[in-house]
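In my numbering, the protein residues as written are 17 to 360.
Here is the structure we will look at.
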């Protein structure tokens with residue numbers, strides 16, 4: 017039997033992930049309570065060659081500046097030998113737009129490095145271990161698994177064989193980019209309403225939040241001449257993807273707009289969580305407090321992404337909705353900026 021290469025990423029200096037982050041919502045709203053960040057997700061399974069139980073490699077989160085290294089383990093059946101034309105290991109960073117509305121589109125490799133682990137020869141040993149290390153790599157984009165686009169980093173081991181297809185094994189590496197709190201983080205204050213019918217002022221303490229932050233605010237009713245039944249607050253994620261996403265305006269860490277004039281630009285909007293924050297008719301002068309924990313949202317939040325490789329953006333919004341007794345809905349959206357404080 018041919019050898020079975022396994023690319024193992026050691027957990028030195030990195031954070032084990034409790035799951036593979038994705039675009040999907042978790043059905044159980046208490047999922048984050050049951051799976052706190054940092055829970056290991058390594059599994060135990062029998063080896064395909066020896067039949068012995070072994071720990072399968074798990075997913076680790078690397079900071080963008082960290083080197084990636086590990087050991088490739090080759091298993092050869094006892095008493096057998098394997099001739100090969102060389103063994104190499106690759107580190108690849110890839111933007112994949114081959115799913116969803118972009119099905120059939122090619123992927124784009126923005127990082128591609130290769131190292132030779134072993135020249136052509138013969139494997140005799142039952143187990144061979146080949147260490148590797150990729151230093152000083154440019155990992156400018158975060159790993160991301162979205163609805164129509166993904167950013168993926170992975171280590172790929174290739175064993176070339178004569179007259180046979182090569183043996184390949186891939187192992188994902190999750191890259192996260194840590195941010196810094198903004199020097200200025202102004203409050204959000206806006207007045208909205210319907211002339212002579214409804215006039216409200218909403219206020220949020222800040223515009224920029226880290227992923228475990230808590231949103232605090234107040235909603236002031238300055239004029240109420242329509243019968244309000246209830247009020248809701250939702251957090252919305254909007255993924256915009258295409259071949260020519262361009263950021264327009266917006267300073268670093270501030271709001272941005274996306275040019276969607278291209279025909280092949282697609283937008284997916286997802287409601288991450290929705291709360292009813294008021295039940296019943298308010299009166300003039302009433303103040304409704306707002307408190308929303310981002311940590312408790314049953315979804316994998318990401319930082320705000322702006323025109324990543326000019327191919328996609330991810331933005332977050334607070335959506336305030338008022339419903340009157342005739343079920344007419346009045347809403348106002350406000351963008352918030354998210355950034356990553358810690359790995360995991």
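Using N, Cα and C, we set each Cβ at its ideal position, and we do this for glycine too.
On a predicted model such as this, the values are computed, not experimentally measured, just so you know.
Leaving out five residues on either side along the sequence, give the residues of the same chain with a beta carbon under 6 Å from the beta carbon of residue i.
| i | result |
| --- | --- |
| residue 251 | 288 and 289 |
| residue 339 | 245, 246 and 345 |
| residue 355 | 195, 226 and 319 |
| residue 145 | 87 and 89 |
| residue 337 | 248, 345 and 347 |
| residue 349 | 333 and 335 |
| residue 207 | 217 |
| residue 231 | 308 |
Taking the alpha carbon of residue i as the reference point, which residue from the options has its own alpha carbon closest?
| i | options | result |
| --- | --- | --- |
| residue 197 | 33, 147, 357 and 34 | 357 |
| residue 102 | 147, 94, 176 and 166 | 176 |
| residue 189 | 150, 283, 163 and 137 | 150 |
| residue 342 | 295, 351 and 242 | 242 |
| residue 326 | 42, 33, 126 and 140 | 126 |
| residue 76 | 234, 347, 171 and 292 | 171 |
| residue 291 | 313, 182 and 208 | 313 |
| residue 38 | 315, 259, 347 and 110 | 315 |
| residue 180 | 98, 94 and 308 | 98 |
| residue 96 | 110, 142 and 129 | 142 |
| residue 109 | 100, 128, 122 and 92 | 128 |
| residue 41 | 162, 82, 139 and 184 | 162 |
| residue 183 | 123, 91, 223 and 201 | 91 |
| residue 305 | 82, 233 and 36 | 233 |
Note down, in chain order, each residue of its chain lying with its Cβ closer than 7 Å to the Cβ of residue i, except the 5 sequence neighbours on either side.
| i | result |
| --- | --- |
| residue 329 | 256, 261, 274, 321, 322 and 323 |
| residue 236 | 216, 217 and 303 |
| residue 148 | 85, 86, 88, 105, 131 and 133 |
| residue 191 | 78, 80, 155, 158, 159 and 169 |
| residue 166 | 112 and 160 |
| residue 253 | 286, 288, 330 and 332 |
| residue 295 | 246 |
| residue 203 | 219, 220, 221 and 222 |
Is DSSP giving residue i helix, strand or coil here?
| i | result |
| --- | --- |
| residue 328 | strand |
| residue 107 | strand |
| residue 253 | strand |
| residue 33 | coil |
| residue 182 | strand |
| residue 165 | coil |
| residue 342 | coil |
| residue 91 | strand |
| residue 187 | strand |
To which residues of the same chain is residue i closer than 8 Å at the C-beta, ignoring the five residues directly before and after it?
| i | result |
| --- | --- |
| residue 135 | 102 |
| residue 299 | 237 and 240 |
| residue 228 | 310, 311, 357 and 358 |
| residue 33 | 57, 74, 75, 76, 77, 190 and 360 |
| residue 83 | 149, 150, 151, 152 and 153 |
Does at least one heavy atom of the ligand GDP sit under 7 Å from the Cβ of residue i?
| i | result |
| --- | --- |
| residue 134 | This structure lacks the ligand GDP, and indeed carries no ligand of any kind. |
Give the list of continuous alpha helix (DSSP H) stretches no shorter than 4 residues that lie fully inside the stretch 111–158. none
Every unbroken beta strand (DSSP E) inside the stretch 207–252 [3 residues or more]: 214–220, 224–226 and 230–240
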